[in-house]
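Engineer: Let me give you the structure first, and then I'll get to my questions.
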Amino acid sequence: MPDDKRIAVLGAGMHPWGKWGRPFVEYGLAAARDALADAGLTWRDIQFVSGADTIRNGYPGFVSGATFAQALGWTGARVSSCYAACASGAAAIGNARAQILAGLCDVALVVGADTTPKGFFAPVGGGDRKDDPDWLRFHLMGATNPTYFALYARRRMDRFGATEEDFAQVKVKNARHGLANPYARYRGEVTVEEVLSSPMVADPLRLLEICATSDGGAALVLTSMDFARRHGGGAEPAVTINAVSTVTPSFPNTVIEMPNFSTDSAVAYGGEWEAGTGFRPSITSAAYAEAGIGPEDLDLAEVYDLSAALELDWYEDIGLCGEGEAEKLLRDGVTSLGGRVPVNPSGGLSCFGEAIPAQAIAQVCECVWQLRGTAQGHQVEGARVAVTANQGLFGHGSSVVLSR
Amino acid sequence: MRTRVPAVEGWFTLGDDGAPALLGSRCAACGTYAFPAEAQFCRNPDCVSQEFETVELSRRGRIWSYTDARYKPPPPYVAADPYVPFCLAAVELAAEKLVVMGQVTAGVTVDDLKVGDEVELVVDTLYAEGDSDYLVWKWQPISAGQEG
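Note that the protein sequences, when read in sequence, are chains A and B.
When we follow our numbering, the leftmost residue of the first sequence carries the number 1, and every step to the right adds one.
When we follow our numbering, the leftmost residue of the second sequence carries the number 405, and every step to the right adds one.
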């Protein structure tokens, strides 16, 4: 692949996920310092800092880039802060990459961190907001995030014959993957029986199959290819980012999406209408096209398993198999460590819980360690190409392709 | 005498003189529907129309998928005390070619529902406060006897 779309990943760092209850800046700072040390660079070398915003801390939604820059000490580095819900991390990576590819900077730091409340995510801020669909879906329907995940899960059961045991097996697999991951919040094996005896939250999804909300922080040091070669004494960088997809959906999006009350109407659409063509498949296909690869080239994938059942949807959406074939892929062990394309070797959200602005960055950190061959205890042997996939509320796509 | 108040203005009719219905918008140029109604823009990327009519959406549809809420949702949901779990359904409206979510009427459990089942729109109490019942649309399964 020519240099013109690639950037180098010189450093990756994370603060362990958990429910620590401390300021988010602390997690972001720890992750940033780890990423800088990993890169063999100092904060003074950073020309551009790209923050993924938290909406739950400080002045919500506006301050992350500068907040992290201040915590590291003002140096005059240029800054950007962005929010794209669960896709915020990919958007922050995209901003840094654009600066690097445009030649406006050589070295960028990307940081995201969050501190989360207990229980269901709920709308942030007080007062009645009768023009905000995210507020209204709670008020008028009591539709929490798991409500939407459960609609997808039930549909898989009805259309493809997925079983409760299939969903439980995803959780069992991811729990096993995350056992040795020092950054994972939950590190313990679970059995199918334990999953199926955990309380039902949103039928057919049970407590152990639904992503928790977590505190955590993740950071990356990204550079131009030329800088990486100079810094490495002429050697090619070990890991590169070859594509970042931040696509929006295409009309008509006929799959119900959080936080909406309805899908698009397909009345004006000339093609065949079936309530079931959605946003997710377009996210990675845009990334593959930009990177010049296909799903057959993948050695691993980190996908957003907000529920155990949703991971199966992703197998199809990222092109690992055809529609309705995900359960077979899982049962055959293809997506387990040791299989052809391990999915969520980190343990996924199942073992981490979600720290919104950090999560898409954490997915990339995991891919970096896998491609370097340093993911101790959960290494995908000989991994050369990796993809991350995720989507953010309101229509924010998020996918990153990396290779070594 | 209790007062019946829509929990949100302009999203549905109460059906006082007939049957209740969701109120959506229909683009005057390309026919694209939206719920809740759009007033500013058409969602069709090839359409620049800003003219919309308010229309009643189909009162019947088929279940695209369904679930329930075993735990009390957080505010701004106003839950009864003690909390009673309820079902939710995403319902396909054939004429409008869209899927609309809503709670399912009280007393229905997931065991009563299947993908593809026909349901009908009703207006029902979402929560009560003081002398007022705050109303919302809900989906009600159509029993075999009512079909046709």
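Where a beta carbon is used, it is the ideal one built from N, C-alpha and C, also for glycine.
1. Once you ignore the five residues that flank residue 44 (chain A) on each side, which residues in its own chain have a CB closer than 8 Å to its CB?
2. In the segment 488-522 of chain B, which residue ranges form an unbroken beta strand (DSSP E) of at least 3 residues, counting only runs that do not cross its ends?
3. Could you check if residue 163 (chain A) is buried or exposed, using at least 16 other CB atoms within 10 Å of its CB as the buried criterion?
4. For the beta strand (DSSP E) that contains residue 431 (chain B), what are its first and last residues?
5. For the putative contact between residue 279 (chain A) and residue 303 (chain A), defined by C-beta atoms under 8 Å, what is the C-beta separation to the nearest angstrom?
6. Cβ atoms of residue 98 (chain A) and residue 52 (chain A): under 9 Å apart, would you say?
7. Run through DSSP, which three-state label would residue 551 (chain B) get?
8. State buried or exposed for residue 535 (chain B), treating a residue as buried only when at least 16 other CB atoms are found within 10 Å of its CB.
9. Any beta carbon of chain A sitting closer than 9 Å to that of residue 473 (chain B)?
10. Note down, in chain order, every chain A residue with its Cβ under 8 Å from the Cβ of residue 507 (chain B).
11. Identify every residue that forms a DSSP beta bridge with residue 300 (chain A).
12. Would you call the segment 416-425 of chain B in contact with the segment 510-527 of chain B, where contact means no fewer than 3 C-beta pairs closer than 8 Å?
13. I'd like the ranges of any beta strand (DSSP E) spanning at least 3 consecutive residues and lying wholly in the segment 105-176 of chain A.
14. Mind checking whether residue 490 (chain B) and residue 472 (chain B) have CB atoms under 9 Å apart?
15. Are the CB atoms of residue 107 (chain A) and residue 47 (chain A) within a distance shorter than 9 Å?
16. Apart from the five residues just before and just after residue 28 (chain A), which ones in its own chain have a Cβ nearer than 6 Å to its Cβ?
17. Just how far apart, CA to CA, sit residue 382 (chain A) and residue 404 (chain A)?
18. In the DSSP output, which residue or residues are listed as bridge partners for residue 533 (chain B)?
19. Just to make sure I have the definition right: I need the residues of chain B whose C-beta is within less than 8 Å of the C-beta of residue 266 (chain A). Which are they?
20. Would you decide whether residue 363 (chain A) is buried or exposed? Buried here means 16 or more other CB atoms lie within 10 Å of its CB.
21. Are the C-beta atoms of residue 464 (chain B) and some chain A residue less than 9 Å apart?
22. In three-state DSSP terms, what is residue 28 (chain A)?
23. Using a Cβ distance threshold of 8 Å, determine whether the segment 165-184 of chain A contacts the segment 320-335 of chain A, with at least three qualifying pairs required.
24. Would residue 347 (chain A) pass as an interface residue toward chain B - the criterion being a Cβ-Cβ separation below 9 Å?
25. Measuring alpha carbon to alpha carbon, tell me which residue in A:247, A:400, A:186, A:146 is nearest residue 200 (chain A).
26. Pick out the complete beta strand (DSSP E) segments inside the segment 194-243 of chain A, 3 residues or longer, and give them in chain order.
27. What residue from A:295, A:178, A:287 has the CA that sits closest to residue 379 (chain A)'s CA?
28. With 9 Å as the threshold, decide whether the Cβ of residue 522 (chain B) is near any Cβ in chain A.
29. Any idea what DSSP makes of residue 528 (chain B), helix, strand or coil?
30. By DSSP, does residue 469 (chain B) sit in helix, in strand, or in coil?
31. Would you grab the beta carbon distance between residue 316 (chain A) and residue 325 (chain A) for me? Rounded to a whole angstrom, and I think it's under 8 Å.
32. Out of A:259, A:78, A:25, which one is the CA nearest neighbour of residue 50 (chain A)?
33. Name, please, each residue of chain B whose Cβ falls closer than 7 Å to the Cβ of residue 388 (chain A).
34. Residue 494 (chain B) to residue 266 (chain A), Cα distance in whole Å?
35. Along chain A, which residues have their Cβ under 8 Å away from the Cβ of residue 449 (chain B)?
Structural biologist: According to the data block:
1. Closer than 8 Å at Cβ, skipping near neighbours: 75.
2. Runs of the beta strand (DSSP E) lying entirely within the segment 488-522 of chain B, each at least 3 residues long, are 490-497, 502-508 in chain order.
3. The residue is exposed, with fewer than 16 neighbouring Cβ atoms inside 10 Å.
4. The continuous beta strand (DSSP E) containing residue 431 (chain B) extends over residues 427-431.
5. The C-beta separation of residue 279 (chain A) from residue 303 (chain A) comes to about 14 Å, leaving the pair out of contact by the 8 Å criterion.
6. Taking 9 Å as the Cβ cut-off, residue 52 (chain A) and residue 98 (chain A) do not qualify as a contacting pair.
7. Note that residue 551 (chain B) scores 48 on pLDDT, short of 50, meaning its location in the model is unreliable; the coordinates nonetheless yield the value given after this. It is coil, neither helix nor strand.
8. Looking at its Cβ environment, which holds fewer than 16 other Cβ atoms inside 10 Å, residue 535 (chain B) is exposed.
9. Interface with chain A (9 Å Cβ-Cβ cutoff): residue 473 (chain B) is included.
10. Simply 141, 142.
11. Looking at the DSSP assignment, residue 300 (chain A) forms a beta bridge with A:386.
12. Yes: the two stretches touch, three or more of their Cβ pairs being nearer than 8 Å.
13. Listed in chain order, the complete beta strand (DSSP E) runs (minimum 3 residues) inside the segment 105-176 of chain A are 107-114.
14. Going by C-beta atoms, residue 490 (chain B) is nearer than 9 Å to residue 472 (chain B).
15. Less than 9 Å separates the beta-carbon of residue 47 (chain A) from that of residue 107 (chain A).
16. Once the five neighbours on either side are set aside, the close Cβ partners of residue 28 (chain A) are 68, 111, 113, 217.
17. The alpha-carbon atoms of residue 382 (chain A) and residue 404 (chain A) are separated by roughly 10 Å.
18. In the DSSP output, where bridge partners are listed per residue, residue 533 (chain B) has B:536.
19. Near residue 266 (chain A) (Cβ distances below 8 Å), the residues of chain B are 501, 502.
20. Around the C-beta of residue 363 (chain A), 16 or more other C-beta atoms lie within 10 Å, and the residue is accordingly described as buried.
21. By this cut-off, residue 464 (chain B) is not an interface position.
22. DSSP, read as helix, strand or coil, puts residue 28 (chain A) in helix.
23. Counting Cβ pairs under 8 Å, three or more are found: they touch.
24. With 9 Å as the cut-off, residue 347 (chain A) does not count as an interface residue toward chain B.
25. For residue 200 (chain A), the closest alpha carbon among the candidates A:247, A:400, A:186, A:146 is that of A:146.
26. Runs of the beta strand (DSSP E) inside the segment 194-243 of chain A: 200-202, 215-223.
27. Nearest of A:295, A:178, A:287 to residue 379 (chain A), Cα basis: A:178.
28. Not an interface residue.
29. In this structure, residue 528 (chain B) counts as strand in the three-state DSSP scheme.
30. Strand.
31. Yes, they are in contact, since the Cβ atoms of residue 316 (chain A) and residue 325 (chain A) sit about 7 Å apart, within 8 Å.
32. Scanning A:259, A:78, A:25 for the CA closest to the CA of residue 50 (chain A) turns up A:78.
33. Ordered by position in chain B, no residue passes the 7 Å Cβ test against residue 388 (chain A), which lies about 27 Å from the chain.
34. Annotation: residue 494 (chain B) to residue 266 (chain A) spans about 16 Å, alpha carbon to alpha carbon.
35. Going along chain A in sequence order, the residues near residue 449 (chain B) (Cβ under 8 Å) are 251.
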